[in-house]
Amino acid sequence: MATTEHPPPTRLRTWMLQGLADMGKAGGHTGPHAQPEPPHKGQRWWRVMCLTGVDYFSTLGYQPGIAALAAGLLSPIATIVLVIVTLAGALPVYRRVAEESPHGEGSIAMLERLLTFWKGKLFVLTLLGFAATDFLITITLSAADASTHLVENPHLTSTLHDKQMLITLILVALLGAVFLKGFLEAIGVAVALVAVYLALNVVVVIVGVWHVATADHVITDWAGALTAEHGNVFAMVGVALLVFPKLALGLSGFETGVAVMPHVQGDEGDTEEDPRGRIRDTKKLLTAAALIMSVFLIATSFITTLLIPEKEFESGGQANGRALAYLAHEYLGGAFGTVYDVSTIAILWFAGASAMAGLLNLMPRYLPRYGMAPHWARAVRPMVIVFTLVGFLVTWIFDADVDAQGGAYATGVLVLMSSAAIAVTIAARRAQQRGWTIGFSVVSAVLLYVTVANVVERPDGVKIGACFIAGIILISLLSRLARAFELRVTSVTLDDMAERFVRDMASRKMRFIANEPDRRDKAEYRDKIEQIRADNDMPEQEDFVFVEVTVTDPSEFEASLTVRGEVLHNRYRVLTLESSSIPNALAALLLHVRDSTNCTPHMYFEWTEGNPFANFLRFFLFGQGEVAPVTREVLREAEPDRGRRPRVHTG
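End of the sequence shown = 650 in numbering that gives the first Met the number 0, gap-free, step of one.
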């Protein structure tokens, strides 16, 4: 059977589209339904933990300073509240998310199943907007913070004081270059950075604790100041609970932990339907990261609060945004302090790696499937370039200012965590697990409180998130509009009766009638045949097979097609299909019949009454409308060779 020739792809196209089966390869299918190649075998969970850890652990670079500014002398107590929420709230939530959604879609996939049609798609796009806010701001904020550490280094301040924007853009570009090289290289870099950074922090913490323990007056002075300021323990705890939302950035890292879940190796017997080993090891990843971070959060908030003068945390102070680096220089000397600075700058720069990995795993799982992104969005390298360019834009808009991006970052993190808590609450309730339902409900309430408190204090985060959401929805709808006439059926399967109808027709003219089912009585089919014969001036001996499409969920874009054959009223042969779009389903059926019989099928339509523009909107939103011309246009795009194209007749 002859096939449509495609020009051989260039080497650049082959390299850019690597990761899509046959895409970019000579003679390969370049249509919208090229399937991804089988995923690589993955990495050990602790290595993938380092990839998420460059985001999570890097917050040690600024979290102690944020806690000191927000809570003052209460910083250690407020941090303990944060750790309790982490271990008793966020960790159980995301362990359940890993179990319920083991393919990297996270809580978004869990909530997607609750809503159908366009309201479900718009809801998912909204959550993707917050996810993009979280992940992209992670990239730009971390790079900006790394450049801040570099610029504020005592040895480099005079040279780099006005170069922060340029340095941040270079760091974002270098991060993109790592992912263009390959994902495995990103994991290798992350393992090395996390190992060095945590080791240096262990040294700083041990030295800090030793100084606190050997200086008798430090603890007593702190305790006395706390009592004088707040009176009693209950007042201290109450104030700590009130300021806790300001420490919410210490919760970051969980969403990326489940987003990169497909890269966890798991067991040899794992399947996509039942990846038990991957789920188990992802739970290990989440638990280990949370425990490590909890220990560091408590220890670092304690030593920084007790050893650093309060004025140094304020804007312009030597510990502002770099409390642990201040201690490293103060107690371990300039050489160690410089090494610590370099390590902090490196991990802050690479903190965007986990966010980039999350974006690369999350966005292609939704937007192309919704028809709301080009089919090349399934390939890694084009998406890396897109996200890097967006990172440039965000950096330029915010002038590489860390504080200006903090509200958006916290809002994105907290909205996703709140949605995850709500999703697992619903899952537990459906599973009739009363204890888990109550526990997750409490966690949901806490996270929602933190989210609202953060939004009230820093409303700019919601505004920025709304911009991302509006951008994603606008681009998605425009992409869906541009791809409206694609052949959106991934495969066509005929049952035995339908196959029999096709084989019988192959011996003569293959004539189908597109029929919108109504009463499906004998008169309906008889009148339809008479109308088609009259409209097309056809002799009575011509026989037909009816094709009836039932629209299921018109918001879906791609799906397989199952065709069932039946004989009605002992006379009329009917093929029935279910699809999200009538014209695309009819075009797919005609092409499948042509390819399986090597005969050119004909399909007959009647014109649809009404305004053409209104009918197009009906097709775009509801999968129906003016069926005949749209079916012909789908066929034209799918088959450039007019001689091989199935025939469409309208009377």
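Beta carbons: idealized from backbone N, C-alpha and C, even for Gly.
Rank the options by C-alpha distance to the C-alpha of residue i and give the top, closest one.
i    : options                : result
V501 : N597, L165, R519, L388 : N597
S342 : A70, A191, G64         : A191
A87  : D503, P553, K462, W435 : W435
A407 : V393, A352, A420       : V393
L110 : A142, I474, A419, N200 : A419
T424 : V441, A189, F295       : V441
A584 : T255, D594, T549       : T549
V592 : T492, E605, A533       : T492
L477 : L574, L366, L567       : L366
Q42  : E267, G223, L168       : E267
W44  : Y603, V546, T286, A422 : T286
S490 : D552, S141, V562       : V562
T58  : L126, F243, S293, A214 : S293
D54  : R433, I138, N453       : I138
L246 : L446, M602, E99        : L446
A142 : L126, A422, T167, D495 : T167
L165 : I291, R572, W395, V629 : W395
Taking a contact to mean a Cβ-Cβ separation below 8 Å, would you say residue i touches residue j in this structure?
i    : j    : result
I471 : G175 : no
I512 : G650 : no
W221 : S554 : no
G207 : L306 : yes
L361 : E557 : no
G256 : L284 : yes
A172 : T303 : no
G64  : F397 : no
K282 : A505 : no
Q163 : A399 : yes
K508 : H601 : yes
S146 : L113 : no
R519 : F543 : no
D133 : E271 : no
L179 : S475 : no
G460 : T410 : yes
What are the residues that DSSP puts in a beta bridge with residue i?
i    : result
H601 : R510, R646
L574 : V546, G564
A558 : V488
L493 : V562
V263 : Q42
Kindly list the residues whose CB is nearer than 6 Å to the CB of residue i, restricted to its own chain and excluding five residues on each side of it in sequence; keep chain order.
i    : result
E638 : R644
E636 : F484
G30  : Reliability of the predicted coordinates at G30 is poor, the pLDDT of 36 falling under 50, and the value obtained from them is presented with this limitation in mind. There are no such residues.
E577 : T549, T551
A627 : F604, T649
S106 : V96, S418, A419, A422
E151 : none
For residue i, I'd like the list of residues in its chain whose CB is within less than 8 Å of its CB, leaving aside the five on either flank, ordered along the chain.
i    : result
L250 : L81, V84, T85, A89, V412, L413, M416
D144 : G60, Y61, G320, L347, V401
E498 : G564
H229 : L73, M235, V238
D269 : R275, G276, R277
L634 : A586, L589, L590, R644, P645, V647
V259 : V47, L50, T51, G103, S353, A356, G357, N360
V188 : V177, F349, A352
L135 : A354, L358, F386, V389, G390, V393, F467
I186 : Q42, R46, V47, C49, L50, H262
F243 : A77, V80, L81, V84, V449
H160 : V150
By Cβ distance below 7 Å, which residues in the same chain neighbour residue i in space, the five residues on each side in sequence not counted?
i    : result
T450 : L413, V414, S417
R641 : none
A198 : none
D517 : E523
P538 : none
A327 : V203, F335, G336, Y339
A289 : T85, L86, L90
Q317 : E311, Y325
V211 : V217, I218, I302, L305, L306
G265 : G41, P274, G276, R277, D280
Any alpha helix (DSSP H) of 4 or more consecutive residues that is wholly inside the region 350–415: 351–365, 379–396
Of all the alpha helix (DSSP H) runs that stay within the bounds of the region 164–252, which reach a length of 4 or more residues? 182–213, 215–229, 232–242
Which whole runs of the alpha helix (DSSP H) in the region 413–484 are 4 residues long or more, in chain order? 433–456, 459–481
If you scan the region 108–133 from start to end, which runs of the beta strand (DSSP E) of 3 or more residues do you find wholly inside it? none
Complete runs of the beta strand (DSSP E) confined to the region 48–110 [at least 3 residues]: none
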